[in-house]
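For what it's worth, our numbering labels the leading residue of the sequence shown as 8, then goes sequentially.
Take a look at the structure below.
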Amino acid sequence: LKLKIELRGRYAIATKNGNLRASKKKGPLSIYVLDTSALTDPRLKGILNADDLDSTIKKISTLIAELRFQLDLLFYTTPSMAGEMRRYLLSNGVSFETLGDLFSWIIVKSPDMLTTKIPALIMSDYVQSIRLRSFRALRLMEDLLKRALKTDKNAATDEAYAELVHEAREKFREIMRKGIVDSPEDFDVLVLAYELKGSLVTNDDGIKKMAERMGIIAIDPISFLEGLRRLKTMLS
Numbered sequence: 008l009k010l011k012i013e014l015r016g017r018y019a020i021a022t023k024n025g026n027l028r029a030s031k032k033k034g035p036l037s038i039y040v041l042d043t044s045a046l047t048d049p050r051l052k053g054i055l056n057a058d059d060l061d062s063t064i065k066k067i068s069t070l071i072a073e074l075r076f077q078l079d080l081l082f083y084t085t086p087s088m089a090g091e092m093r094r095y096l097l098s099n100g101v102s103f104e105t106l107g108d109l110f111s112w113i114i115v116k117s118p119d120m121l122t123t124k125i126p127a128l129i130m131s132d133y134v135q136s137i138r139l140r141s142f143r144a145l146r147l148m149e150d151l152l153k154r155a156l157k158t159d160k161n162a163a164t165d166e167a168y169a170e171l172v173h174e175a176r177e178k179f180r181e182i183m184r185k186g187i188v189d190s191p192e193d194f195d196v197l198v199l200a201y202e203l204k205g206s207l208v209t210n211d212d213g214i215k216k217m218a219e220r221m222g223i224i225a226i227d228p229i230s231f232l233e234g235l236r237r238l239k240t241m242l243s
């Protein structure tokens with residue numbers, strides 16, 4: 008009861024040691040920007056003792072709703088990421104009703120792409136990373152082409168061809184997409200978190216790396232969930 012009185016009219020701020028303190032200003036751990044993995048990380052199901060993804064989302068929605076009411080925590084995503092979330096959740100057994108409940112507590116906001124300023128050094132590093140990855144991808148294609156040309160045409164089969172193409176796709180994807188921001192959806196949530204000075208909830212390594220460079224707090228979905236549950240326990 009004492010904790011509730013102290014927090015009334017204030018915002019809850021989680022400190023590094025996991026304790027809760029009150030503040031009259033919103034901080035990065037009062038504003039959360041979510042990507043799809045914040046809700047769909049497979050580990051969440053086990054922690055919440057949920058039967059399936061639909062029940063996982065229901066439990067997360069309930070927790071988000073309670074903390075929005077009690078502590079005025081804010082949960083955001085972008086229109087592009089919201090679309091990705093909806094497509095993924097609906098195709099994996101989440102009902103329209105559950106999805107509607109979820110988005111009644113999540114604010115969908117477009118990032119300010121016109122006035123938000125990102126340091127040039129960060130973009131320079133990003134361009135350099137893309138350049139190096141492109142060189143690696145080119146070498147990969149050269150190696151695979153040499154292997155294909157050395158293959159005995161008489162021994163070549165559809166199965167061998169399919170295997171080579173599959174290898175090319177997998178290795179190319181790893182080179183060009185692993186550990187890097189590789190989609191407009193990813194970039195949108197980064198810009199929004201930067202704009203709002205909020206925390207970004209994701210398990211995507213590429214988003215985490217760029218968030219660190221931009222000074223954004225990146226939180227793993229499990230740490231995010233455990234933090235919310237800890238806040239709920241302290242308020243009960």
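Just so it is clear, CB atoms sit at the ideal spot from N, CA and C, and this is done for glycine as well.
Proximity of I67 and L109 at Cβ, strictly below 9 Å: Contact flag set, yes.
Applying the criterion that 16 or more other CB atoms from any shown protein chain within 10 Å of the CB defines a buried residue, is E174 buried or exposed? For E174, the number of other beta carbons within 10 angstroms of its own is below 16, and it is reported as exposed.
Measure the CB-CB distance between E202 and T43 and report whether it falls below 9 Å. Contact: no.
Closest by CA to I113, which one among I64, G234, D212 and T122? Among I64, G234, D212 and T122, the Cα nearest to that of I113 belongs to I64.
Straight-line gap, L171 to R140 (C-alpha atoms, nearest Å): Rounded to the nearest angstrom, the two C-alpha atoms are 21 Å apart.
Note the first and the last residue of the continuous alpha helix (DSSP H) segment covering T105. Boundaries of the alpha helix (DSSP H) around T105: F103 to F110.
Cβ-Cβ distance between T240 and I226 below 9 Å: No, the Cβ-Cβ distance between T240 and I226 is not below 9 Å.
Excluding the 5 residues preceding and the 5 following L8 in the sequence, name in chain order all residues of the same chain whose CB lies nearer than 7 Å to its CB. For L8, the predicted model reports a pLDDT of 35, less than 50, meaning its position is unreliable; a value from the coordinates is still stated below. Around L8: no qualifying Cβ.
Label E233 either buried or exposed according to how many other C-beta atoms from any shown protein chain fall within 10 Å of its C-beta, with 16 as the threshold for buried. Exposed: under 16 other Cβ atoms inside 10 Å.
Residues near G136 by beta carbon distance below 7 Å, same chain, minus five either side: What sits at residue 136 in the sequence shown is Ser, not Gly. Here the set comprises I187.
Residues of its chain near K52, where Cβ-Cβ distance is below 6 Å and the 5 sequence neighbours each way are ignored: Hits under 6 Å: T63.
Please identify the residue among I214, F103 and L41 whose C-alpha is closest to the C-alpha of D61. The residue among I214, F103 and L41 with its C-alpha nearest the C-alpha of D61 is F103.
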